[in-house]
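Numbering (full-length UniProt numbering), first residue to last: 1 to 426.
Every residue, glycine too, gets a C-beta built ideally from N, C-alpha and C.
Here the structure is a predicted model, which means the values were calculated and not measured.
So this is what it looks like as C-alpha cells:
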C-alpha cells in the first residue's frame with residue numbers, strides 16, 4: 001500500500017482516536033532512539049499482555065521496563081548464551097525428517113511445526129535448564145504446554161488487533177490455556193528451587209540467575225520474566241526459518257549455492273557469510289514482527305509526515321497510536337532498489353547495514369537482546385539440513401496461493417512450509 005501511494009507516513013481517525021502509520025527511517029529512529037522517552041507500550045497493550053504473560057519486558061515502560069530488562073541483559077552476555085549447546089536439538093529435528101530407500105521423503109514434509117518445536121525446546125533448555133533428555137521424559141506434558149502456549153498467543157493476537165476493546169476477546173478456552181502455561185512454568189521453577197545441585201553450575205540458566213536475584217523467589221515475577229522471554233525467542237526463530245526454507249525451496253540455484261558453500265567450510269565456522277546473507281534476506285522480506293505499535297506518552301512530534309508533501313514534522317498528541325511497519329520499510333524500493341520484493345541474498349554482499357532502514361530486531365534501547373542467539377540457532381538448522389539434503393523442492397496444495405502470510409503476533413507462512421527433500425547418497 002505504501003509503495004503504491006508513495007507516502008511513507010499517513011494517519012487516520014476512528015471513534016475519536018488517531019493512528020499514525022509510518023515506515024520512514026527518520027520517524028523510526030525517533031520512536032526507538034532519539035525520542036525514546038516520548039513513546040511507550042501504552043495502557044491497552046500493557047493490560048492485554050499482563051493478563052496472559054504478567055509484568056515483563058513487553059508490557060512495561062519507564063522504570064518498570066528498565067528493571068525487567070535489567071534482569072535479562074546480564075544473562076545474554078554470558079558464554080551460555082553466546083555459545084549455546086544447540087547441537088542435540090538440531091540433530092533431533094534433522095533426524096525426524098524420514099526418507100525412503102531412494103533418499104526422498106516419502107510424503108510432503110511441513111517444516112514449519114518442526115521449527116516451532118525446535119525453537120521452543122532450545123528456549124526451554126537455555127532459559128529453564130530443560131535439556132533434551134528431560135524434555136523427552138516429559139514429552140506429553142511438554143506437548144500440552146506447547147499447545148496451550150499457542151492458544152494464548154492466538155488470543156493475544158486478536159486482542160491486540162482490537163486495541164482498546166481487547167477485553168471483548170476472552171473466554172474459558174483462553175483462561176484455561178493461561179492456567180496451563182502458568183502451571184508448567186511454576187512446576188519448573190519449583191523443581192529448580194528444590195534441586196540444590198543445580199546451583200553453582202558452570203553454566204547457570206536464566207532461571208538460576210532469576211532465583212538468585214529475585215527476593216523471596218516471587219513466583220509471579222519469575223514466571224513473568226520467563227514467559228516474556230519464551231514468546232519472543234520461539235516465534236522469531238521459527239517463523240524466520242520457515243520463510244527461509246520457503247524461499248530456498250523456490251530458488252533451487254540459491255539452495256545449491258548455499259549448500260556448496262556450507263560443504264566447503266569446516267564445522268567450526270559458525271558464522272558463514274553465505275548463511276547470514278540468506279537469513280538477512282529472509283528477515284528483510286519477512287520480519288518476524290511485521291507491524292508494531294507505540295503510544296505517545298506526551299504531546300510531541302515525529303520528524304516527517306506533515307505538510308503538503310509529508311516532508312515536514314508531524315504533531316503527535318498524547319495518547320495517539322503510532323503503527324510502524326518493518327515489513328513496508330524492508331520492501332521500500334527507494335531503499336532496496338526496484339527488486340525490493342525479490343528474494344536475492346546477494347544484495348547483502350558488501351552492503352553496509354543502515355540501522356533505521358533494516359529493523360528485524362527493533363533498535364535503540366529496546367533492541368532485541370536475543371538476536372545473536374536467534375542467529376546462532378537458525379544458522380545451525382540451515383547448516384545441518386543443507387548438509388544432509390541435496391535437493392529441496394516446494395509442495396503446493398491444489399489451488400493454493402503461494403507466499404500468503406498469516407499474521408498473528410508474528411508473520412508466518414499461511415500454508416506452512418511443505419517441501420520434498422532428497423538425501424545425499426554415496
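How many Å lie between residue i and residue j at the Cα?
i, j, result
"residue 31", "residue 290", "16 Å"
"residue 298", "residue 317", "7 Å"
"residue 197", "residue 214", "Residue placement at residue 197 is flagged as unreliable, the pLDDT there being 47, under the threshold of 50; the coordinate-derived value follows with that caveat. Roughly 19 Å separates the two Cα atoms."
"residue 320", "residue 28", "16 Å"
"residue 407", "residue 292", "12 Å"
"residue 48", "residue 77", "30 Å"
"residue 418", "residue 183", "34 Å"
"residue 225", "residue 168", "26 Å"
"residue 413", "residue 113", "11 Å"
"residue 364", "residue 176", "36 Å"
"residue 46", "residue 250", "40 Å"
"residue 268", "residue 370", "Bear in mind that a pLDDT of 48 at residue 268, under 50, signals an unreliable position, so the model cannot answer this."
"residue 149", "residue 231", "9 Å"
"residue 234", "residue 119", "5 Å"
"residue 307", "residue 313", "8 Å"
"residue 219", "residue 351", "46 Å"
"residue 165", "residue 324", "20 Å"
"residue 33", "residue 90", "36 Å"
"residue 157", "residue 409", "5 Å"
"residue 194", "residue 340", "54 Å"
"residue 422", "residue 384", "14 Å"
"residue 263", "residue 93", "19 Å"
"residue 426", "residue 104", "14 Å"
Check each candidate in the options and name the one with the smallest Cα separation from residue i.
i, options, result
"residue 272", "15, 339, 258, 58", "258"
"residue 348", "132, 276, 85", "276"
"residue 191", "155, 46, 217", "217"
"residue 171", "187, 164, 154", "154"
"residue 247", "131, 93, 111, 152", "111"
"residue 357", "101, 382, 285", "285"
"residue 372", "56, 237, 335, 254", "237"
Just curious, the alpha helix (DSSP H) that residue i is in, first and last residue?
i, result
"residue 48", "43–53"
"residue 191", "172–194"
"residue 145", "139–161"
"residue 26", "25–29"
"residue 209", "206–213"
"residue 65", "62–72"
"residue 168", "Note, residue 168: premise wrong, no alpha helix (DSSP H); not H, not E."
"residue 335", "333–336"
"residue 329", "326–330"
For the putative contact between residue i and residue j, defined by C-beta atoms under 8 Å, what is the C-beta separation to the nearest angstrom?
i, j, result
"residue 322", "residue 355", "Residue 322 to residue 355, Cβ: 18 Å. No contact."
"residue 327", "residue 287", "6 Å"
"residue 207", "residue 129", "6 Å"
In the DSSP assignment, the beta strand (DSSP E) including residue i goes from what residue to what residue?
i, result
"residue 115", "That residue, residue 115, is in no beta strand (DSSP E); its alpha helix (DSSP H) goes 111–123."
"residue 13", "9–14"
"residue 18", "17–22"
"residue 87", "Run containing residue 87: none in the beta strand (DSSP E); it sits in the alpha helix (DSSP H), 87–95."
"residue 314", "312–316"
What runs of the alpha helix (DSSP H), each 4 residues or longer, lie entirely inside the stretch 219–302? 219–250, 252–263, 273–285
3-residue-minimum beta strand (DSSP E) runs that sit fully inside the stretch 351–418, ordered along the chain: 389–394, 405–407, 411–413
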